[in-house]
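Line order of the protein sequences matches chains A, B, C and D.
The numbering used here puts the first residue of the first sequence at -12, with every later residue one more than the last.
The numbering used here puts the first residue of the second sequence at -12, with every later residue one more than the last.
The numbering used here puts the first residue of the third sequence at -12, with every later residue one more than the last.
The numbering used here puts the first residue of the fourth sequence at -12, with every later residue one more than the last.
Every residue, glycine too, gets a C-beta built ideally from N, C-alpha and C.
4 protein chains.
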Amino acid sequence: MQPIRYGMIGGGQGAFIGGVHRTAAAIAGNWQLVAGALSATPEKARASGREIGLSEDRTYGSWAEMIEREAALPEDVRIEAVAIVTPNHMHAPPAIAAMEAGFDVIIDKPLAESLAHAQAIADAAARTGRRIGVTQTYTGYSLVKLARKMVAGGELGALRRVMVKYTQDWLSRSEDLVDNKQAEWRVDPARSGEAGAFGDIGTHAANLVEFITGERIAELCAELTMLEGRQIDDDGAAMFRLSGGGKGTLTASQVCVGDANDLAISIYCDEAGLHWRQVEPNKLVVGRRDKPVETWHDGGNRAYLPSDILALHRTPGGHPEGYLEAFANIYRAFGDHLRGAPAPEGEPGFATMDDALHSMRFISACLESSRQGAVWVNL
Amino acid sequence: MQPIRYGMIGGGQGAFIGGVHRTAAAIAGNWQLVAGALSATPEKARASGREIGLSEDRTYGSWAEMIEREAALPEDVRIEAVAIVTPNHMHAPPAIAAMEAGFDVIIDKPLAESLAHAQAIADAAARTGRRIGVTQTYTGYSLVKLARKMVAGGELGALRRVMVKYTQDWLSRSEDLVDNKQAEWRVDPARSGEAGAFGDIGTHAANLVEFITGERIAELCAELTMLEGRQIDDDGAAMFRLSGGGKGTLTASQVCVGDANDLAISIYCDEAGLHWRQVEPNKLVVGRRDKPVETWHDGGNRAYLPSDILALHRTPGGHPEGYLEAFANIYRAFGDHLRGAPAPEGEPGFATMDDALHSMRFISACLESSRQGAVWVNL
Amino acid sequence: MQPIRYGMIGGGQGAFIGGVHRTAAAIAGNWQLVAGALSATPEKARASGREIGLSEDRTYGSWAEMIEREAALPEDVRIEAVAIVTPNHMHAPPAIAAMEAGFDVIIDKPLAESLAHAQAIADAAARTGRRIGVTQTYTGYSLVKLARKMVAGGELGALRRVMVKYTQDWLSRSEDLVDNKQAEWRVDPARSGEAGAFGDIGTHAANLVEFITGERIAELCAELTMLEGRQIDDDGAAMFRLSGGGKGTLTASQVCVGDANDLAISIYCDEAGLHWRQVEPNKLVVGRRDKPVETWHDGGNRAYLPSDILALHRTPGGHPEGYLEAFANIYRAFGDHLRGAPAPEGEPGFATMDDALHSMRFISACLESSRQGAVWVNL
Amino acid sequence: MQPIRYGMIGGGQGAFIGGVHRTAAAIAGNWQLVAGALSATPEKARASGREIGLSEDRTYGSWAEMIEREAALPEDVRIEAVAIVTPNHMHAPPAIAAMEAGFDVIIDKPLAESLAHAQAIADAAARTGRRIGVTQTYTGYSLVKLARKMVAGGELGALRRVMVKYTQDWLSRSEDLVDNKQAEWRVDPARSGEAGAFGDIGTHAANLVEFITGERIAELCAELTMLEGRQIDDDGAAMFRLSGGGKGTLTASQVCVGDANDLAISIYCDEAGLHWRQVEPNKLVVGRRDKPVETWHDGGNRAYLPSDILALHRTPGGHPEGYLEAFANIYRAFGDHLRGAPAPEGEPGFATMDDALHSMRFISACLESSRQGAVWVNL
């Protein structure tokens, strides 16, 4: 099977997530980077292209140029898809243009900086028939998929309670916004959207809940806060009710000192509790009442794992895989989907438009609830 | 220093917490059990007394009899204090009677099954001048005290966010209420009070937050739930605001499958995050931004610990102490207090009437908030 | 059942292990301390007695006096047993005298400072018919007993390999021998015996291997070392062959910086690997090939545990027990044995003369092997 | 900087380590796979080439053909280096031929199946002046490099004791050799060499010791064993003495049930103990006597890390990296070396001929010691 030829929009020098996408695509093995519009500044775009080995004639000064000129290339040469890794407010324009030019799209989360723009992307996808996948990274981990499978399998019984937290500390000091390219746009409402931490990482936490439980957050009450002098939330918590009746709490913060990147979830059902923590992603803890606690480890020679979970791991058990491999799983699945592979059982392997729009509604609901003093709001 | 002669009320055959109190007192070393009214059934009271080696003439058939007859004994023979380990609704009558007869009181938490009865106990203490200590067990752990000391010391800066959970699974099945002496009274509003899990263990979680932070929960919104067919809560969660401005979430449940007894807390301040979990009580994790994560271990030869924390541990570092030793620390401190030892710096070493009444208000507020649909309520 | 009346030899002010024995006996509940010869210095013996509440007329100035005068008391008043907690070289004389006077003996490990003295104790026990139990503390932990039970049950298959380590750091600096009562005698050949760390803690590691596997260390090669300026080993390692054919490595050290008291063992059989670590004693990890890793937790409501293991724990699951409770299990079992309880299935609950003599041979073999350049030696 | 054009020898369908090398090279970013002789069976070689997207004209039927035909291509087109991922006995012939044809070599460990062949490779490297790097994977982890740096920095003082283990379970059953391509050659003396587990993973453990301590294993006594019916070791242990005077124990086994791939090391120096475990590679535990235990986490925003360690991590703190990224670090370093980058301070970033020959001597010494009954042998 030929790899998918793709062009990247964003991800030039100084960016973080673009390099992650490129490496993930390389690990996945079914993608080939052939073009790029890596920066809004043409000169920087070219320098960035050289650095990562793009050929000069396919290193473009703007995404508009890339889309136009690639569309003009012969079918077996031109890109088939674009990867969009720009700040949130720059997602919708290139995504819509790319789809209208006939390209499929893989796009970083959240879908856009506002629900309106997110909806515009979804509309364009529906209109053009192009396929679009959203990289909700943490659902790419094999044991997160195993957790989903266990819940969906039904033998754990009904869902009762969820606790999820996603805490970081890189914005814990006032000065963290000075001279920090990663921070700057994330805390600027015009570029990141009205939500800060809740848009950036709260959505990951909410998405993880929905992915594993197979339900939607139906109602929530949230209280978002921020350090003095900031314009958008850097911290907050919510209580929520799931569509199926389970309840939960969610904390998301970028000012929780000492936690580099701590996404952790506990899911309790009638017959078992599941626990997963991103910093030790190769294990899933399952607590039961009448048996010892089980720790499920991933890896190729752990034959007790379901075969579709085993198939995700690239190395034998005990050879840890991490964030980049989880990301690669998403690229792999979306690439297979573009190549016409049959849909995997259970879930497609990447976040869909529906997932992404629901994430946007989650953000809106959190903002609305918090503004009104943390009252209950329907999604 | 002579040990405190005490009599126990409750704690006969089939009870759980009475044996814990007796063992804790024995470990503490400054208490001596000399009398008991161990059961409301006289025959069972006597059998229970024999089993634990009480002399027959001081094994009483009722607490009223014990208080009356002990008070008539010579001053250097009679009990000096009573330990009350009955179900919640049977706390107030013996506590008040004992204080009126001139005895000091150590009493299991929560103070009573209702705020009114709790207040009556407090009033009696004020009226009689007797001393009363409440066993909020988890604040007896040396590293919980260290956490409090760190926060109080000020070098961690202001408190930002708290996450606390206390989850058990012993009531996770409907049939758990059948033929289970421990469960029976705890889920009966008449004996346990109107709150179930929130009275039994939610209070521990709330107390732990207040103990470590040195603040009070000022406002909360809570949603309590229960399995079908039950009358009082067995599960729930709350968001809360502390008196000093910090915010937090609290989950308490007796139906979270796989968790035997999992009390865990994270406290984030401006400069560090503190993490403690009761199932591994001999370590306190401190996360900072500019240093490796620190794990503080307790034990006699870990000379970096403050001397008052070191003094609590009975064995050298690496010899784990547990629940019974934490409980013993409370007995030790209250016994020292009764013997006139100078008040330790920081906190008395046992929960006071003020702490206990606040816990009762916490329970009431959770119930009220939940009944109104999880709205915000002031304590 | 009446508690065993006992007198303590050693364990006065400034001692460590004596207090541990007394607390363990109190937790066990079936022992009662009624007499003591707590120090070789009569004045200190008396002061120590007062401090722990012994009556003055049964606080003796020497162990010889205690044995003589207690033997003269009425049968239902005098002590029934002695607990010997003196330095190793002072074990044999009082143990033998006590047995000859008709008292049973519970004694700290190792049995004596030399194999000859240990044998003399064993001979006296055989001659007098008195009962003697040795406190190999770590075999008192309930989950160590569970590990033994699993191996003995046979379903794990044959034993393959063992890794055991016992590391401490309290002697890691030259100055640690200055003004340190605990260290002083332990590093003095005349009082501790010719072995240092290997006598003090290497024996615990070896005993743990033999206890869990049900086999004896048959051959070993060991290399003991020490910091410059010391006379006896403070560190070393051994390879060994078990009587049943399994093999293993053992490390024991009191100069391994950062490890307060780290006794950890891994036992691999044909069908599973067992892992236990004393600093987290309430869990036993069981690895298998075709199943998730199991973590067995102790505690009263973990109903999957065998009933005899459950019976050892004093509190429900998730309420950690520690070193003192493990010690108490040994006192409990030896006390029951003295009261004529039927022998428990599997093992008596305390180390026997046979175990203790084998430990002495282990020490001798390590010393001999090491002196000859770490050659293989039979035990 | 242009990526290194390389050809792969071995690593066709059904192989494991070849895919790991290719992914590692892709993550590293400074390598480009342009040719391959992926199997000794020409047809399979071609099918394997197609599967990974090699162009047909550079997919060769044998390594000899590849070397000959690549050497004939223009300098700016032909490969610059070969990656050798064949079974051990097929390392020397292509390595020597490649160097003689002017190509640099990156080669999987151990260098060869025998010391003689390993020496022949080293001789060829010296004779031709070509550069050769060996992939001792586990030294590619950033925190292993940090451990080395800490020891080398001197502030930890002299090395005292090492404990290292590398345990797997994939050969724990007799039937594990049937129909298992990975197992088959590893347990065949003709292809793997005379050592089994000690050649395959014992060398990793020994290399890790030497890498972190900066010393060589100078003497050892080892006892290797195997399940009935096997020809070469699948399990064993050793005691060793390091060149600088420290001592240690090493266990390596492929029959330790429940351990998928557990490489763990503890290194004790005068002032600290270091602990690292491959299954949780993003943390390094440092124990000290006068401070809390430190856990050093890797990742881009943990600013307390030395800059050269920080530079190795591709993602911010808390985004775990794993085995493939460690492998990529080795490719990255060797690629930079080939492109003439200045040698990094401390160590080159890949195992050298000297390291690799010492590993071969380690294997020989273990075999010799074991055959003689586990006597001490000099390396």
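> Cβ of Y310(D) less than 7 Å from any chain A Cβ?
Replying inline: yes
> Counting pairs of beta carbons, one from the region 243 to 259 of chain B and one from the region 205 to 212 of chain B, are three or more of them closer than 8 Å?
Replying inline: The answer is no - the region 205 to 212 of chain B does not touch the region 243 to 259 of chain B, with fewer than three Cβ pairs under 8 Å.
> From the beta carbon of T238(C), is the nearest beta carbon of chain D less than 7 Å away?
Replying inline: yes
> Since A224(D) is in the beta strand (DSSP E), which residue starts that stretch and which ends it?
Replying inline: D222 to L229
> Using a beta-carbon distance below 7 Å, is E55(B) in contact with chain D?
Replying inline: no
> Among residues of its own chain, excluding the 5 on either side of A68(C), which ones have a beta-carbon nearer than 7 Å to its beta-carbon?
Replying inline: I(-9), Y(-7), F90, D91, V92, I93 and L325
>> For Y291(A), count the other beta carbons within 10 Å of its own beta carbon; 16 or more makes it buried, fewer makes it exposed. Which is it?
In response: exposed
> Taking the C-alpha atoms as reference points, what is the distance between S179(B) and G189(A)?
Replying inline: 38 Å
> Mind checking D110(D): buried by the 16 CB within 10 Å criterion, or exposed?
Replying inline: exposed
>> So, with DSSP's three-state summary, where would you put Q(-11)(B)?
In response: coil
> Does DSSP put R147(B) in a helix, in a strand, or in coil?
Replying inline: strand
>> Excluding the 5 residues flanking A298(A) on each side, which residues of the same chain have their C-beta closer than 8 Å to its C-beta?
In response: none
> So which residues of chain A does W363(B) contact, with C-beta pairs closer than 8 Å?
Replying inline: Within chain A, the C-beta atoms nearer than 8 Å to that of W363(B) come from G360 and A361, in chain order.
>> Helix, strand or coil for D91(D)? Go by DSSP, reduced to three states.
In response: strand
>> Suppose contacts are defined by Cβ-Cβ distances below 7 Å. Is D295(D) in contact with L130(D) by that definition?
In response: The answer is no: Cβ separation not under 7 Å.
> Mind pulling the chain C residues with CB within less than 8 Å of P307(A)?
Replying inline: Residues of chain C passing the Cβ test: none, with the nearest at roughly 15 Å.
>> What residue range does the alpha helix (DSSP H) around C243(D) cover?
In response: First-last for C243(D): undefined, no H or E at that position.
> Which residues share a DSSP beta bridge with K234(A)?
Replying inline: R148(A) and R228(A)
> Looking at G231(D) and L143(D), is the spacing between their C-beta atoms short of 7 Å?
Replying inline: no
> So, is N365(D) buried or exposed, given that buried needs 16 or more other C-beta atoms within 10 angstroms?
Replying inline: exposed
>> Less than 7 Å between CB atoms is the rule here; does K96(D) satisfy it with respect to chain B?
In response: no
> In whole angstroms, what is the alpha-carbon distance linking D95(D) and F3(D)?
Replying inline: 12 Å
> What are the partner residues of S253(D), as DSSP defines its beta bridges?
Replying inline: M150(D) and H262(D)
>> Three or more C-beta pairs under 8 Å: does that hold for the region 297 to 317 of chain D against the region 262 to 269 of chain A?
In response: The region 297 to 317 of chain D makes contact with the region 262 to 269 of chain A: 3 or more CB pairs, one atom from each, lie closer than 8 Å.
>> Using 7 Å as the threshold, is the C-beta distance between A15(A) and R301(A) below it?
In response: Their beta carbons are not under 7 Å apart, which means A15(A) does not touch R301(A) by this criterion.
> So which residues of chain B does G40(C) contact, with C-beta pairs closer than 7 Å?
Replying inline: P(-10)
> Closest to P74(A) by CA distance: which of R228(A), G(-2)(A), K136(A) and R289(A) is it?
Replying inline: The shortest Cα separation from P74(A) among R228(A), G(-2)(A), K136(A) and R289(A) belongs to G(-2)(A).
> Is the beta carbon of Q241(B) less than 7 Å from the beta carbon of Q155(B)?
Replying inline: yes
> Going by DSSP, which residues form a beta bridge with A(-6)(B)?
Replying inline: Checking the sequence shown, residue -6(B) turns out to be Gly, not Ala. Bridge partners of G(-6)(B): A22(B) and V69(B).
> Is DSSP giving E197(A) helix, strand or coil here?
Replying inline: Note: E197(A) maps to helix in three-state DSSP.
> In chain B, which residues lie less than 8 Å from R275(A) when you measure between Cβ atoms?
Replying inline: The contacting residues are V244 and G245.
>> Contact between the region 350 to 357 of chain B and the region 211 to 220 of chain B is defined here as three or more beta-carbon pairs at a separation below 8 Å; is this criterion met?
In response: yes
> Smallest Cα separation from R443(A): which of Y153(A), D277(A) and R160(A)?
Replying inline: Any answer about residue 443(A) is impossible in this case: the structure gives chain A only from -12 up to 366.
>> Output needed for T282(B): all residues of its chain with C-beta closer than 6 Å, excluding positions within five of it in sequence on either side, in chain order.
In response: Within the same chain, T282(B) has close Cβ partners K270 and V272.
> Thinking C-beta only, is I317(C) closer than 7 Å to F337(C)?
Replying inline: yes
> Given a limit of 8 Å on CB to CB distance, which residues of the region 261 to 286 of chain C reach chain A?
Replying inline: Within the region 261 to 286 of chain C, the residues whose Cβ lies closer than 8 Å to some Cβ of chain A are V273, R276, D277, K278, P279, V280, E281, T282, W283 and H284, listed in chain order.
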